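Chains as they are written, first to last, in the numbering used here: chain U, 1 to 526; chain B, 527 to 810. Using N, Cα and C, we set each Cβ at its ideal position, and we do this for glycine too. Keep in mind it's a predicted model, so treat the numbers as computed, not measured. Some notes on the structure that comes next.
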Amino acid sequence: MNKLISMLCIAALLLTATGCGRTSESSVEQLLGEELSGEITVSCYDTMMYKASLDTAAKSFEEKNPGTKINIETYSPMPEIKTSESKGSSMAVVAIKEDSQDDTEYISKINTELMSGEGADILAMDILPYYKYADGGQLEDLQKYMDADDSFQLDEYRKNIIEALKYNGGQYVMPMDYIFDYIAYDSSLFTEDEQQKFVNDNTFTYDQLIKSAEGPFHRANAETTTPKRMFGGSAFSTMQPGMFNEMMQLDIGTFLDMESRTANLTDGRFAELLESLSTYDQNGYFLPSTESSKSRELSMEDFAKQREEQLFYKLKSHFSLLMEALEKGGATKVMVSIGSMSNGNEDHDKTLGLLNNENQEVPFTYTQAYGINANSDNKALAWAFLKYLMSEEMQTSVDVGRFGLPVNNAARLEKAKMDITGVSFQKGMTSAAKSQNGKKDAAPNQDKEQNQNVESTELTESQQAALDQYVKTIEDFSDLLNYCPIQDEIVKRMIIEEVAYYFDGSKNAEEVAENLENKIELYLNE
Amino acid sequence: MNDKKLHIDPAALFLMLGLIGLVLFYIWPFTLSLWYSLLDKPVKGSFVGLNNFIELFHNKSYLMGLKNTLLFIGVSVPLGMILSLLVALLIHRVKRHKKLFTLVFLIPLVIPSGSMVFFWKALFLNEGYVNALLNFIGLNGVNWLETSAALYIILLIFLWKNLGYNMVLFMAGIHNIPKEYYEAAAVDGANAFQTFFRITLHCLTPMTVLVVIMSIINSFKVFKEIYLITGSYPHESIYMLQHFMNNMFYSLNYQKLTTATCILVLIITLMVQFLFRFERRAVE
């Protein structure tokens, strides 16, 4: 009997899996030769960034490829948009509710579908931990499709952005666009000599920035009773992680290695980060936590108050570069403030460069990126739709309304031109009005007339200069981008919860680092 | 020929109902789990032999959960038994208010875990009553639930919850020991120490085995409180096998979940087998 059991065990050990869900290279070529037909579903968590844009793209794709059907599913509720007006200026606040319960439910739903061999054909990687799906063989390696498809030329796209999303040698996620933040400084707070020190560099670490501004900071604050801060965020609060979040995001790659599933938080660098944040906070470099953690929703008064604050540095979205270019081109001034950081007074702002970390990683992120489900029955259609979303036509389409910079090179330049001339905004407003009033069927001639008007807009001299400057800055900065941190909502929550113990004084930096490392490794290795 | 009638023992019919229940609710789900643990994925999966088992024993989180669970059982079960036996002996000797004392120790059994979680949290959170008290007397507070001190808190919860149950079992065992044994020991001049080890403990062996089995089962149940107090990813010192299995359930990793279940069943079966053998030998 014992012998029999031993033999059975050995037999079981010898039997190994040969099955594989992912499509091999030869079958990809076969797939690409198939005629497009049938139905696919695209699933996204975020409604605001995806729904309208994908619906438009799907409709256009279906018209071009009769016999195909693209279904769009989104999960989160649309954000609330509040507008207010005061003294001739107006403000719109888009309040995006971050609901961890909703996130978890959506991820569970996708997990259930994938584990049961089903699920949407295309998955938007907005909150999904794609590295887990890639490891589990649930996502197609798009590199095979890129290699086998002659109509896809990587040179036509921002190669560094696409390749930065590679994981374990595979391209499981395809970005449609990218966004990044840059650093601007208030030139009125620095002397000419001090500003000259910045000129030779285009990437900076937080330490470099703070060291460069220490002298000017003490000088400026000695002259006035109104404190002038270095940055417009608080050191840390559970509601608005502020400076900790920014610094951690920049260094996350040095602390976490998702590919090898390891966390390295106990070599002293993480504890040093926390301690230096505390020191900077005590020195008054950041906004006090109590002031910035009250509410996420900005009122007109708050905004006016923020506009009076002088800050040494501002972390601005790439969108601010466009706003500056528009202003230079003669358009009305529009100010954009994203997230919890205050931009303060922008009258003397000058563009400085990008943030990087010790490993020379310059981070960026995306608003839209997709993966193809390895269980999909119609991978050919899924890949064709992805390619369509990346096409120049779709990436410049105002109806698709992309906030980030298009990955398609030609589309990025074309869109920059449309943005500077205001075509994007006019068209955007027209399509928004159309969708609100349902005018499309009622007055087609009127629409045609409007479209002709906006399309015929030519660049003025000042607009051309602004466009050249804008495109140069965008392209120079884009060349430097090389790192897109993998987002994992659970890891994010673990970090916030644990770091809160450091800032409320119940744990020291080393304890937080050790506990966090253990927890994250526990989670990553499960 | 027809004289030979098919005779069915009525006892078999009664047993059949139980057997159906056992097969439907225990044997069948376990067989299904065992089958899943030999596949690479639950749907259209391929047979991978013992690969999932090998992978699981290379999984750091699983090994940590296994180590912590065994450590917790190793500490909590003997400690719980010693304390409950001590309390049972004390109550057995008490002349007045015996029922009241018994009732006091049984109260934790009837309080729902959910409501008790608020109490434990109020006590041991960083800004809880215990730390407030420590600060009041001039000592530094401890982050009880987020440091290695969490293990002691879980131990305390386990003892608080299960002391009464084990105590009642021991009291029943003590009550069944014939008084004549003690009288004979007294005549023979045995001291209290000898009486306890040679008579009380010896006669309590079957009950002790039952208490060990029940304590091990209850030690797994303490997960409910740990989970409600500290969530899915607690301090590493209290990350148990159930955390691993619970997290695998939520991330729908059926392979790891079912493989871990099979190993757990194997460990419990071996433990129970060992205890029954020990009981048989001890009684002989």
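For residue i, three-class secondary structure by DSSP
{"i": "S151(U)", "result": "coil"}
{"i": "E73(U)", "result": "strand"}
{"i": "F540(B)", "result": "helix"}
{"i": "E511(U)", "result": "helix"}
{"i": "R229(U)", "result": "strand"}
{"i": "K439(U)", "result": "Confidence at K439(U) is low in this model, with a pLDDT of 39, below 50, so its placement is unreliable and no value can be given for it."}
{"i": "F204(U)", "result": "strand"}
{"i": "Y708(B)", "result": "helix"}
{"i": "M174(U)", "result": "strand"}
{"i": "R806(B)", "result": "helix"}
{"i": "Y285(U)", "result": "coil"}
{"i": "F746(B)", "result": "helix"}
{"i": "Y133(U)", "result": "helix"}
{"i": "A263(U)", "result": "strand"}
{"i": "S317(U)", "result": "strand"}
{"i": "Y483(U)", "result": "strand"}
{"i": "T595(B)", "result": "helix"}
{"i": "Y366(U)", "result": "coil"}
{"i": "T41(U)", "result": "strand"}
{"i": "K621(B)", "result": "coil"}
{"i": "I179(U)", "result": "strand"}
Neighbouring residues, chain B, relative to residue i (Cβ below 8 Å)
{"i": "I242(U)", "result": "The sequence given here places Gly at residue 242(U); Ile does not occur at that position. None at all; the shortest Cβ gap to chain B is about 22 Å."}
{"i": "T112(U)", "result": "L778"}
{"i": "Y501(U)", "result": "N652, N669, E672"}
Reference residue i, options the options, closest by Cα
{"i": "L790(B)", "options": "E672(B), L682(B), F583(B)", "result": "F583(B)"}
{"i": "L576(B)", "options": "V643(B), S587(B), L560(B)", "result": "L560(B)"}
{"i": "E259(U)", "options": "K132(U), G353(U), E458(U)", "result": "K132(U)"}
{"i": "G136(U)", "options": "L778(B), F802(B), F684(B), F627(B)", "result": "L778(B)"}
{"i": "L592(B)", "options": "L689(B), F650(B), L767(B), F804(B)", "result": "L767(B)"}
{"i": "A134(U)", "options": "N525(U), N373(U), E526(U), K492(U)", "result": "N373(U)"}
{"i": "I599(B)", "options": "F802(B), I793(B), R806(B), A808(B)", "result": "I793(B)"}
{"i": "P175(U)", "options": "D349(U), N202(U), E393(U), V407(U)", "result": "V407(U)"}
{"i": "N772(B)", "options": "P604(B), K747(B), K625(B)", "result": "K747(B)"}
{"i": "E393(U)", "options": "F403(U), G404(U), E414(U), L405(U)", "result": "E414(U)"}
Whole-angstrom C-beta distance between residue j and residue i, which should lie under 8 Å
{"i": "L322(U)", "j": "Y470(U)", "result": "6 Å"}
{"i": "N168(U)", "j": "H761(B)", "result": "With a Cβ gap of about 30 Å, N168(U) and H761(B) do not count as contacting."}
{"i": "N409(U)", "j": "R158(U)", "result": "7 Å"}
{"i": "M115(U)", "j": "Y776(B)", "result": "Rounded, the Cβ-Cβ distance is 12 Å, inconsistent with contact."}
Own chain residues within Cβ distance below 6 Å of residue i, not counting five before or after
{"i": "A384(U)", "result": "L36"}
{"i": "D580(U)", "result": "This structure gives no information on residue 580(U), because the portion of chain U shown stretches from 1 to 526."}
{"i": "N451(U)", "result": "Reliability fails at N451(U), whose pLDDT of 45 lies under 50, so the model's placement of it is uncertain and the value that follows must be treated cautiously. The answer is none, since no qualifying residue turns up."}
{"i": "S188(U)", "result": "H348"}
Sequence-distant residues of its chain with Cβ nearer than 7 Å to residue i (five each side left out)
{"i": "A12(U)", "result": "Confidence at A12(U) is low in this model, with a pLDDT of 40, below 50, so its placement is unreliable and the value that follows should be read with caution. Same-chain partners within the cutoff: there are none."}
{"i": "G873(B)", "result": "This structure leaves residue 873(B) out entirely; chain B is present only between 527 and 810."}
{"i": "E361(U)", "result": "G253, N482, Y483"}
{"i": "Y588(B)", "result": "L582, F770, A786"}
{"i": "L611(B)", "result": "F696"}
Interface residues of chain U facing residue i [CB-CB closer than 8 Å]
{"i": "N586(B)", "result": "Checking the displayed sequence, the identity of residue 586(B) turns out to be Lys instead of Asn. Ordered by position in chain U, the residues that pass the 8 Å Cβ test against K586(B) are E521, L522, N525."}
{"i": "M774(B)", "result": "E526"}
{"i": "M590(B)", "result": "L522"}
Where residue i meets chain B, residues with beta-carbon distance less than 9 Å
{"i": "M494(U)", "result": "Y759"}
{"i": "G117(U)", "result": "K567, P568, V569, K570"}
Contact list for residue i against chain U, beta-carbon separation under 7 Å
{"i": "F770(B)", "result": "E526"}
{"i": "Y678(B)", "result": "What Y678(B) touches in chain U: nothing, since even the nearest Cβ is about 17 Å away."}
{"i": "Y655(B)", "result": "Under the 7 Å cutoff, chain U gives no residues; its nearest Cβ is about 15 Å from Y655(B)."}
{"i": "Y765(B)", "result": "L522"}
8 Å Cβ shell around residue i - same chain, five flanking residues per side excluded
{"i": "A443(U)", "result": "Since pLDDT at A443(U) reaches only 40, below the 50 mark, its modelled position is unreliable, and the value read off the structure follows with that caveat. The answer is none, since no qualifying residue turns up."}
{"i": "T731(B)", "result": "E805, A808, V809"}
{"i": "G664(B)", "result": "none"}
{"i": "D121(U)", "result": "I40, T41, V42, I372, N373, S376, D377, N378, K379, L381, A382"}
{"i": "A676(B)", "result": "W670, T756, P760, H761, S763, I764"}
{"i": "Y708(B)", "result": "T721, I725"}
{"i": "G284(U)", "result": "N221, P227, R229"}
{"i": "M607(B)", "result": "N692, T734, V737, V738, S741"}
Residues that residue i contacts on chain B, provided the C-beta gap is smaller than 7 Å
{"i": "N518(U)", "result": "E762"}
{"i": "S527(U)", "result": "Because chain U here runs from 1 to 526, residue 527(U) falls outside it and cannot be looked at."}
{"i": "K109(U)", "result": "By Cβ distance, chain B contributes nothing, its closest Cβ being about 10 Å from K109(U), past 7 Å."}
{"i": "N515(U)", "result": "E672, H761"}
Residue i: contacting residues in chain U (beta-carbon distance under 9 Å)
{"i": "Y562(B)", "result": "Going along chain U, no residue has its Cβ under 9 Å from Y562(B), so there is no contact; the nearest lies around 11 Å."}
Chain-ordered chain C contacts of residue i [CB-CB under 7 Å]
{"i": "S506(U)", "result": "In the displayed structure, chain C is absent; the protein chains listed are U and B."}
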